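In what follows, a structure is listed as C-alpha cells, so that the remarks can point back to it.
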Amino acid sequence: MDALCDGTEVYIGGIMEHIEEAGVHSGDSACALPPVTLGRSDIEKVRKATEAIAHGIGVVGLLNVQYALKDDVLYVLEANPRASRTVPFVSKATAVPLAKACARIMLGASISQLRAEGMLVASGDGGNADPYAPSRSRKPCCRFIGSAAPTGRHRFAVGPEMKSTGEVMGIDRDFGSAFAKSQTAAYGSLPAHGTVFVSVANRDKRSLVFPVKRLADLGFRVLATEGTAEMLRRNGIPCDEVRKHFESPQPGRPEMSAVDAIRAGEVDMVINTPYGNSGPRIDGYEIRSVAVAVNIPCITTVQGASAAVQGIEAGIRGDIGVRSLQELHRAIDSRSTDR
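Here the sequence shown stands for residues 0 to 338, where the numbers follow numbering that gives the first Met the number 0.
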C-alpha cells in the first residue's frame, strides 16, 4: 500500500492486493485495486499498522508498506519511507496526484490543507475504496529474456529476483475483465478456447484442481504430464497426457513431449509452476522458454492461474468493455461526491 503522512495525519493512497504469493518480487506481481479478497476488518488492520509505522519513524511525505496476511495475522514484509514504483499506478487508478501531494507536504503543507484545496479527497481516502468501484489491475511486463538459469537456460518463473522492466494497467467493471485487459497488454490475449497445458509442483496440485476444472467446463482441452494428469483424472477432469521433455519416448507412453506440443502450436496457454531438481526443473525451464518464444500466455503461480480463469470467463461472457482513464476518474469523482 502507498500512503501520505504529514507528521500528524495519514492518508491512504491505495491498498493493492498482489495476485502472486508473498516471496514474489512486488515488481513482478500483478495486483488489483481495490483489493479483491480483503474484508473491511483486514483493511482496518492495514490502516492501523500503517499509521503506527508512519508515526513511529516520523515520515513526512510518501510511505510504502508491503504486508502479508495469513490466518488473520498481519505481517510487515517491508516498510519504505519513500515513493514506490506503484505510486503512478495508484495515482492513475484513484485520480489523486500522490507525487504532487507528497512534494507539497514535504514543503510544509498539511493533509487537511490539501483536502481543502481539492488535491486530496475531502473525506475518506484510498483505504475507503468502494468495493463496487471499477476494478484496476496492474500487470508487470517486458521481462528480461536473458535472465539465465544455472543450467544456462532462460528463467521465466517469478521469484524474489525482479525481472520485469515495465508495467501495464487494465480498467473495467470487475477484476476478471481488468486482469484480462492487463494480461492482453503485457503478453497477449488470454484464449477463449483451445488447449491448456498443465504441469505443476506437488505442493500446487490440490490448489489447481478448481481453476483447471473450470477451464475444462468452459470447453478447453487439457494436456498434462504424468503426475499432474493422474491428479486431474482422480478429480474427474478429463485430460490427455504428454511426456516430460527430458524423458525418452518409450513403448506405451506418449510419443509427444510437452515442449513438442507447444512448438507445434497445439497449446494455447501454459500453467507451469517450478518444482524439483535436475530433470523436472530443467523441463520447466524448457516449457516456459518455448511458451514465451511462441508468444502464448505462460502462468507460473496458482494465484495467477485463478486470475487468468476469471479473465477468460469475462472474455467469453463479453463483459470486457472500453473506457478511458478520464471516464474512470469522473466515476471516482462522482462516488467521492456521493460520500
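Backbone N, C-alpha and C fix where the C-beta goes; we use that ideal spot for every residue, glycine too.
Keep in mind that this is a model prediction, so the values were computed, not measured.
Beta-carbon spacing of residue i, residue j below 8 Å
{"i": "residue 29", "j": "residue 178", "result": "yes"}
{"i": "residue 206", "j": "residue 308", "result": "no"}
{"i": "residue 196", "j": "residue 257", "result": "yes"}
{"i": "residue 53", "j": "residue 62", "result": "yes"}
{"i": "residue 136", "j": "residue 90", "result": "no"}
{"i": "residue 32", "j": "residue 13", "result": "yes"}
{"i": "residue 24", "j": "residue 161", "result": "yes"}
{"i": "residue 200", "j": "residue 273", "result": "yes"}
{"i": "residue 236", "j": "residue 215", "result": "yes"}
{"i": "residue 347", "j": "residue 134", "result": "Because the chain is modelled from 0 through 338, residue 347 falls outside the range shown and cannot be assessed."}
{"i": "residue 75", "j": "residue 1", "result": "no"}
{"i": "residue 4", "j": "residue 64", "result": "no"}
{"i": "residue 340", "j": "residue 125", "result": "One cannot answer for residue 340 here, as it falls past the ends of the chain, which runs 0 to 338."}
{"i": "residue 34", "j": "residue 8", "result": "no"}
{"i": "residue 328", "j": "residue 285", "result": "no"}
{"i": "residue 294", "j": "residue 283", "result": "no"}
{"i": "residue 113", "j": "residue 102", "result": "no"}
{"i": "residue 269", "j": "residue 292", "result": "no"}
DSSP-derived helix/strand/coil call for residue i
{"i": "residue 63", "result": "strand"}
{"i": "residue 173", "result": "coil"}
{"i": "residue 194", "result": "strand"}
{"i": "residue 257", "result": "helix"}
{"i": "residue 306", "result": "helix"}
{"i": "residue 206", "result": "helix"}
{"i": "residue 231", "result": "helix"}
{"i": "residue 25", "result": "coil"}
{"i": "residue 288", "result": "helix"}
{"i": "residue 322", "result": "coil"}
{"i": "residue 43", "result": "helix"}
{"i": "residue 246", "result": "coil"}
{"i": "residue 187", "result": "coil"}
{"i": "residue 154", "result": "Residue confidence for residue 154 is low, a pLDDT of 48 falling below 50, so the modelled location carries little weight and cannot support an answer."}
{"i": "residue 37", "result": "coil"}
{"i": "residue 200", "result": "coil"}
{"i": "residue 330", "result": "helix"}
{"i": "residue 263", "result": "coil"}
{"i": "residue 317", "result": "coil"}
{"i": "residue 149", "result": "With a pLDDT of 37 at residue 149, under the threshold of 50, the modelled position of this residue cannot be trusted; read the value that follows with caution. Note: residue 149 maps to coil in three-state DSSP."}
For residue i, the residue or residues it bridges with in DSSP
{"i": "residue 17", "result": "30"}
{"i": "residue 9", "result": "4"}
{"i": "residue 340", "result": "As displayed, the chain neither begins before 0 nor continues past 338, which places residue 340 out of reach and without an answer."}
{"i": "residue 297", "result": "269"}
{"i": "residue 134", "result": "171"}
{"i": "residue 221", "result": "195"}
{"i": "residue 239", "result": "222"}
C-beta neighbour in chain D for residue i, strict 8 Å
{"i": "residue 183", "result": "The structure shown contains no chain D; it is built from a single protein chain."}
(request) Assess, as a yes-or-no matter, whether the segment 180-196 is touched by the segment 216-226 under the definition of 3 or more beta carbon pairs within less than 8 Å. (result) yes
(request) Could you say if the segment 38-52 and the segment 100-108 meet the contact criterion of at least three C-beta pairs nearer than 8 Å? (result) no
(message) For a minimum of 4 consecutive residues, which ranges assigned as the alpha helix (DSSP H) are wholly contained in the segment 56-123?
(response) 86-93, 97-105, 110-116
(message) Measuring CB atoms only, is the segment 224-234 touching the segment 318-334, in the sense that at least three cross pairs come out at less than 8 Å?
(response) no
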